[in-house]
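Everything on this sheet refers to the single structure shown next.
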């Protein structure tokens, strides 16, 4: 039996390309959502819990575990200049960034931590721990600070065989970050600890309930979708698209992130591509059209022939994640004439996203990974137009699960 509870919390944008959230809001929201979820349920029958979070959303904590500033969200691009310097080091840890030939994204841990050191030195120096959303929430739930093999492998330049990126942070003059990162790295499913009385009371769950290690939301979604065999791909959609492929052997390729060793399951490695702004773009357009949902736009766009009578879009509204990894690239709409309608623009936005996905798949194919099937989750599964456009552009079978949220 599946029970669902939801709770919203705000994201603020203090400056262009910045995005922040308050950890206090996370604690409030998990309490509200879990209480809704378990209302009327026999909570004593719950055997354990686990969470997944956005990644890499960076948190700086003092020695008592109190956050020193708002969390820097995964989509925050303020550390673009630092990311460029990380890329120029040529460190061996950067092999996961396009075989060492691609740029490092400002989404990752090292650029964000370096930005803190260079721009908010008082916060950096006062931080006993610099971690991310996943680690902070597990610490709140259990009182134990530890990291997830998933998060550190995919966004911290950690490798299970090589360990922490020591030479990289030494080159950047931030070797002290190694003392601020969590000391323990746990596998997915490994027990972090039991619920504290405070956390249990907030959520309405039993004290001591085991908390198992989770990871980054989309990567945990691979398990929910059953995309865990070599050759399979999970396409996790929402405000962004994430393309996650399973490989049996480690490989590196320009335009592709990974492969990440044992990042989800031991013995199976993951290659990654991504588009930063996809669902967020169509949501932006829906708001401009003053529509409360997508039904009218989807119906109108169905009547427009593929190609949208010459209207073309670029889906880089918040930069490009892969294959170009360019935080400064921006979206555009071109080919407009006076006979075009909002339906042409809406369909062109969908087509641009689907061709962006095809660019990712082609980069992976050049490296040696070709998806045999794509298991898809998220908002586009509710739009036959969007699903069919993805399938038509990439010519790969799409599998839609009964629960489209990849639980």
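Numbering (the working numbering), first residue to last: 34 to 440. Ideal Cβ placement from N, Cα and C applies to all residues, glycine included. Bear in mind the structure is a predicted one, so any value in this text is a computation, not a measurement.
Item, Value
"So is residue 72 buried or exposed if we call it buried at 16+ other beta carbons inside 10 Å?", "exposed"
"Can the beta-carbon of residue 46 be found closer than 8 Å to that of residue 40?", "no"
"Within 10 Å of its beta-carbon, does residue 371 have 16 or more other beta-carbons around it, so buried, or fewer, so exposed?", "exposed"
"Just the C-alpha distance for residue 334 and residue 430, rounded to the nearest angstrom, thanks.", "23 Å"
"Assign residue 124 to one of two classes, buried (16 or more other C-beta atoms within 10 Å of its C-beta) or exposed (fewer than that).", "buried"
"Of the choices 270, 295, 273 and 140, whose alpha-carbon is the least far from that of residue 115?", "140"
"Mind checking who residue 308 pairs with in its DSSP beta bridge?", "274"
"Using the three-state DSSP reduction, which class does residue 130 fall into: helix, strand or coil?", "strand"
"Quick one: what does DSSP say residue 84 is sitting in, helix, strand or coil?", "coil"
"Going by the beta-carbon positions, is the gap between residue 287 and residue 132 smaller than 8 Å?", "yes"
"Taking the CB atoms as reference points, tell me whether residue 281 and residue 309 lie closer together than 8 Å.", "no"
"Find out if the Cβ-Cβ distance for the pair residue 385, residue 322 is shorter than 8 Å.", "no"
"Just the Cα atoms here: how many angstroms apart are residue 182 and residue 342?", "48 Å"
"Quick check: the segment 78 to 88 against the segment 237 to 256, are at least 3 beta-carbon pairs closer than 8 Å?", "yes"
"Which first and last residues belong to the alpha helix (DSSP H) in which residue 254 is found?", "250 to 258"
"With a threshold of 16 other CB atoms inside 10 Å of the CB of residue 218, please say whether the residue is buried or exposed.", "buried"
"Under a Cβ-count criterion, where at least 16 other Cβ atoms within 10 Å of its own Cβ denotes burial, should residue 155 be classed as buried or exposed?", "exposed"
"Examine chain C for any beta-carbon lying closer than 8 Å to the beta-carbon of residue 224, and answer yes or no.", "No chain C is part of this structure, which consists of one protein chain only."
"By Cβ distance, which residues of its chain are closer than 7 Å to residue 373, with the 5 residues on each side in sequence left out?", "342 and 344"
"Going by DSSP, what residues sit across from residue 346 in a beta bridge?", "366"
"Do the segment 48 to 62 and the segment 209 to 225 touch if we need at least three Cβ pairs shorter than 8 Å?", "no"
"I'd like the span of the alpha helix (DSSP H) that includes residue 476, first residue to last.", "Lying outside 34 to 440, the shown extent of the chain, residue 476 is not represented and no answer is given."
"So if DSSP puts residue 400 in a beta bridge, which residue, or which two residues, is it bridged to?", "Bridge partners of residue 400: none, in fact."
"Cβ of residue 188 within 8 Å of Cβ of residue 236?", "no"
"Between 74, 145, 194 and 437, which has its C-alpha nearest residue 109's C-alpha?", "145"
"Residue 201 and residue 67 - do their beta-carbons sit closer together than 8 Å?", "no"
"Beta carbon of residue 215, beta carbon of residue 180: below 8 Å?", "yes"
"Would a C-beta distance cut-off of 8 Å place residue 184 and residue 70 closer than the cut-off?", "no"
"If you check the beta carbons only, do residue 272 and residue 312 fall under 8 Å apart?", "yes"
"With a CB to CB cut of under 8 Å and the five nearest residues on each side skipped, what residues in its chain are close to residue 74?", "36"
"For the candidate residues 170, 95, 199 and 432, whose alpha-carbon lies nearest to that of residue 414?", "432"
"Measure the CB-CB distance between residue 390 and residue 410 and report whether it falls below 8 Å.", "no"
"Would you give the residue range spanned by the alpha helix (DSSP H) that residue 60 belongs to?", "56 to 71"
"Three-state secondary structure (DSSP) at residue 372?", "coil"
"Tell me whether residue 442 sits in a helix, a strand or coil according to DSSP, three-state version.", "Absent from the structure is residue 442, since the part of the chain shown begins at 34 and ends at 440."
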